[in-house]
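Take the sequence shown: its letters are residues 1 to 567, numbered as in full-length UniProt numbering.
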Amino acid sequence: MRVLGIEGTAWCASAALYDAETDSVLIESDPYEPDSGGIHPREAAEHMSEAVPEVVDAVLTAAEEAHGPDAVDAVAFSKGPGLGPCLRTVGTAARALAGTLDVPLVGVNHMVAHLEIGRHRSGFENPVCLNASGANAHLLGHHDGRYRVLGETMDAGVGNAIDKFTRHVGWDHPGGPKVEAAAAEAAAERDPDADLVDLPYVVKGMDFSFSGISSAANHAYDDGVPVGEICLSLQEHAFAMLTEVSERALSLTGADELVLGGGVAQNDRLREMLGTMCAARGADFHAPEPRFLRDNAGMIAVLGAKMAAAGDTVSIPDSAIDPDFRPDQVPVTWREGDASVARGRGDREREGERSAGDSGGDADRRGAEATVEIAAPDDGNAIGNEGRRVIKRRIPKRYRHPELDRALRRDRTVAEARLTSEARRAGVPTPLVYDVDVPAATLTLQHVGDRDLAAALDERWTAAVGRHLARLHGAGIVHGDPTTRNVRIEGGEGGDGRATLIDFGLAYHTGHVEDHAMDLHVFEGSVRATASDPDPPIEAFEAGYAEAGDGEVLDRLREVEGRGRYR
Ligand SMILES: C[C@@H](O)[C@H](NC(=O)OP(=O)(O)OC[C@H]1O[C@@H](n2cnc3c(N)ncnc32)[C@H](O)[C@@H]1O)C(=O)O
Ligand SMILES: Nc1ncnc2c1ncn2[C@@H]1O[C@H](COP(=O)(O)OP(=O)(O)OP(=O)(O)O)[C@@H](O)[C@H]1O
Ligand SMILES: [Fe+2]
């Protein structure tokens with residue numbers, strides 16, 4: 001099968017021919033280059049209306065020269081997300097071409113294409129996918145027939161955040177490569193351990209925020225900080241956040257493969273950080289070659305071929321574009337429906353439980369941030385979990401700049417000790433804190449529970465988590481990372497049992513409804529990412545929250561969920 005793909009969501013007019021038999025891709029692109037500032041939607045649309053027919057023509061001519069008049073078996077196009085006027089040009093061109101050639105039409109989600117190309121090129125079975133593009137930034141994993149959003153930016157896309165700074169400095173678009181070059185130059189001249197320009201580092205569960213980084217970088221520039229230093233720090237902060245959330249997603253799902261996609265993925269420092277993180281966890285990492293990373297029609301043609309082979313084509317009346325098309329709206333027809341990114345986790349957890357039961361013990365653990373060692377009580381007389389301690393060490397992360405890494409490990413250790421105890425005083429079940437060693441970023445905690453909620457997901461426990469979070473929020477604290485892995489469960493078969501919240505390293509004081517709603521959003525995201533039937537446990541969770549908490553927070557949660565971040 002040979003598929004002609006067309007791309008043009010924002011800046012890159014591109015056409016490609018994918019030949020599935022030889023697995024070869026021919027790409028012809030014509031980028032829009034703004035004279036000044038960022039992308040102007042009207043100029044971009046004008047560019048598309050001129051350039052799309054030209055690139056399509058070039059690829060079609062090459063295809064017919066090589067393979068004759070029946071060279072193309074299907075036409076695939078970017079259906080969204082993107083700029084409406086640009087997408088309309090692409091849709092019109094694709095419909096006309098499919099009509100003329102009398103072949104099926106395939107409507108492709110651009111974001112899913114950014115990650116499927118990585119899966120295709122790597123041959124990975126079931127990776128977590130990090131998309132680092134201009135207008136977007138998110139982590140996706142296939143589960144239950146869809147690509148689930150495991151985490152995403154709460155505001156700007158990563159490329160747009162970088163471009164916002166370069167516009168402020170007066171550099172032309174796109175800013176990413178210029179920031180990369182300036183950062184590399186600054187790095188070559190400085191002491192690698194020297195302090196970074198202080199910028200915000202915002203991670204909430206697997207969600208993250210970039211807007212504060214752009215503003216703080218702009219202020220630093222206005223204050224006269226050398227631009228190379230700001231570029232370096234900007235990259236170190238933004239990319240460490242992306243790497244950290246990727247590691248959290250690997251840890252939550254149990255997956256051991258990561259693929260990277262999107263225009264910012266062309267950045268060497270980002271790829272280096274992700275490679276280092278994966279190597280340290282024993283996970284495989286793949287980033288496709290640059291021509292498949294930035295916007296390009298090659299990825300549209302490759303996914304188009306998979307969709308066409310699965311019979312996933314559209315009729316002309318159903319081929320409308322969608323500027324807000326989210327990746328989790330796409331029914332994944334071209335993969336086995338039961339292939340789940342979380343399957344590895346379930347299997348391992350069950351095995352872990354069995355062996356823990358057999359030995360009467362509990363294996364040492366490795367989370368996304370820390371290693372956890374389970375220690376017997378000082379007198380050595382353990383009865384079940386009674387008296388056991390866990391020693392939690394936030395280990396240095398080699399992918400992160402050493403200064404930033406030290407600061408994060410120290411701050412989170414302090415926050416975890418303080419807020420675990422405060423939450424407990426507010427009546428929320430948490431472990432006792434026995435000891436804190438700040439320089440070593442190590443905590444000694446009471447051992448709680450005999451399994452994670454991830455391995456014991458049921459409505460009774462999620463309702464309890466809802467009540468606990470409501471009480472925590474009532475005390476003016478958010479957890480910051482309330483995933484199913486951060487709830488420990490004990491007993492329960494006979495009636496009594498307990499759900500205990502752990503891992504308060506991202507917790508902080510706040511009375512803002514928005515922050516409280518984010519906690520609920522993170523919890524529900526972690527349930528959706530791994531549960532086979534997520535609705536009942538989520539309903540019970542919300543009912544538990546409503547029982548003990550503020551209804552306004554649940555209203556805000558609906559608003560958070562409804563916000564279209566894909567522009
Ligand atoms: C919806 C669609 O139109 C949109 N496309 C898009 O954002 O173009 P993409 O090619 O994936 O990414 C462009 C971004 O990638 C950044 N970029 C390019 N090279 C870079 C580099 N070496 N380092 C950092 N950023 C880089 C640019 O500054 C720009 O912000 C998207 O995928 O979100
Ligand atoms: N007090 C505790 N009692 C029992 N088990 C614990 C305790 N603290 C941690 N664990 C176990 O160790 C695992 C990792 O701990 P924790 O979540 O605190 O670290 P982390 O590195 O931040 O992990 P992640 O980022 O994956 O949530 C937990 O999922 C849990 O299984
Ligand atoms: Fe893109």
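Glycine included, C-beta positions come from ideal geometry on N, C-alpha and C.
Just to confirm, does residue i get its C-beta within under 7 Å of one of the non-hydrogen atoms of ligand 1?
| i | result |
| --- | --- |
| T9 | yes |
| R326 | no |
| P177 | yes |
| Q266 | yes |
| G82 | yes |
| I162 | yes |
| P85 | no |
| G91 | no |
| P174 | yes |
| N126 | no |
How is residue i classed by DSSP in three states: helix, strand or coil?
| i | result |
| --- | --- |
| F523 | helix |
| K204 | strand |
| A20 | coil |
| F239 | helix |
| Y508 | strand |
| K392 | strand |
| L196 | coil |
| S421 | helix |
| V341 | coil |
| I321 | coil |
| V330 | coil |
| S14 | strand |
| D222 | helix |
| P34 | coil |
| S315 | coil |
| A356 | The pLDDT assigned to A356 is 36, lower than 50, so where the model puts this residue is not dependable; a value taken from the coordinates is nonetheless given after this. Reduced to three states, the DSSP call for A356 is helix. |
| E351 | The predicted model places E351 with a pLDDT of 43, which falls under 50 and marks its position as unreliable; any figure quoted below should be read in that light. It is helical. |
| G254 | coil |
| G346 | Low per-residue confidence applies at G346: pLDDT is 49, beneath 50, and the placement is therefore not dependable, though the value from the model is reported in the following sentence. Residue state, collapsed to three classes: helix. |
| G387 | coil |
Check whether the Cβ of residue i lies closer than 7 Å to any heavy atom of ligand 2, and answer yes or no.
| i | result |
| --- | --- |
| R485 | yes |
| S251 | yes |
| V390 | yes |
| L453 | no |
| L445 | yes |
| E369 | yes |
Between residue i and residue j, which are expected to be in contact by the criterion C-beta below 8 Å, what is the C-beta distance as a whole number of angstroms?
| i | j | result |
| --- | --- | --- |
| F124 | D284 | 7 Å |
| A342 | L419 | About 28 Å; that fails the 8 Å criterion. |
| A423 | F504 | 7 Å |
| A93 | I6 | 6 Å |
| residue 586 | F165 | Nothing can be reported for residue 586, as the shown portion of the chain is limited to 1 through 567. |
| L140 | I316 | Incorrect: roughly 29 Å between the Cβ atoms, too far for contact. |
| R335 | H142 | 6 Å |
| L130 | A183 | Not quite, the Cβ-Cβ distance comes to about 20 Å (not below 8 Å), so this is no contact. |
| T9 | G107 | With 8 Å as the limit, T9 and G107 do not qualify as a contact, their Cβ atoms being about 13 Å apart. |
| G212 | H114 | About 25 Å; that fails the 8 Å criterion. |
Which two residues bound the contiguous alpha helix (DSSP H) that contains residue i?
| i | result |
| --- | --- |
| L554 | 551-562 |
| A543 | 535-548 |
| R281 | 268-281 |
| F165 | 158-169 |
| residue 571 | Only positions 1 to 567 of the chain appear in this structure, which leaves residue 571 out of reach. |
| V302 | 297-309 |
| G176 | 176-189 |
Run the proximity test for residue i: is its beta-carbon closer than 7 Å to any non-hydrogen atom belonging to ligand 3?
| i | result |
| --- | --- |
| D450 | no |
| H110 | yes |
| D295 | yes |
| S133 | yes |
| H114 | yes |
| residue 583 | No information on residue 583 is available, as it lies outside the stretch 1 to 567 that the chain covers here. |
Under DSSP, the beta strand (DSSP E) around residue i begins and ends at which residues?
| i | result |
| --- | --- |
| G80 | 74-80 |
| Y434 | 433-437 |
| T500 | 497-501 |
| T61 | Where T61 is concerned, there is no enclosing beta strand (DSSP E), although the alpha helix (DSSP H) it sits in stretches over 41-67. |
| H286 | 284-286 |
| G367 | From DSSP, G367 is part of no beta strand (DSSP E); its letter is neither H nor E. |
| V3 | 2-7 |
| L445 | 442-446 |
| V487 | 487-491 |
So with Cβ pairs under 8 Å, would you call residue i a contact of chain D?
| i | result |
| --- | --- |
| M241 | Looking at the structure shown, chain D is missing, and only one protein chain is on hand. |
| request: Could I get the ranges of all uninterrupted beta strand (DSSP E) runs contained in the segment 88-150, with 3 residues as the minimum, in chain order? | output: 105-109, 128-132, 137-143
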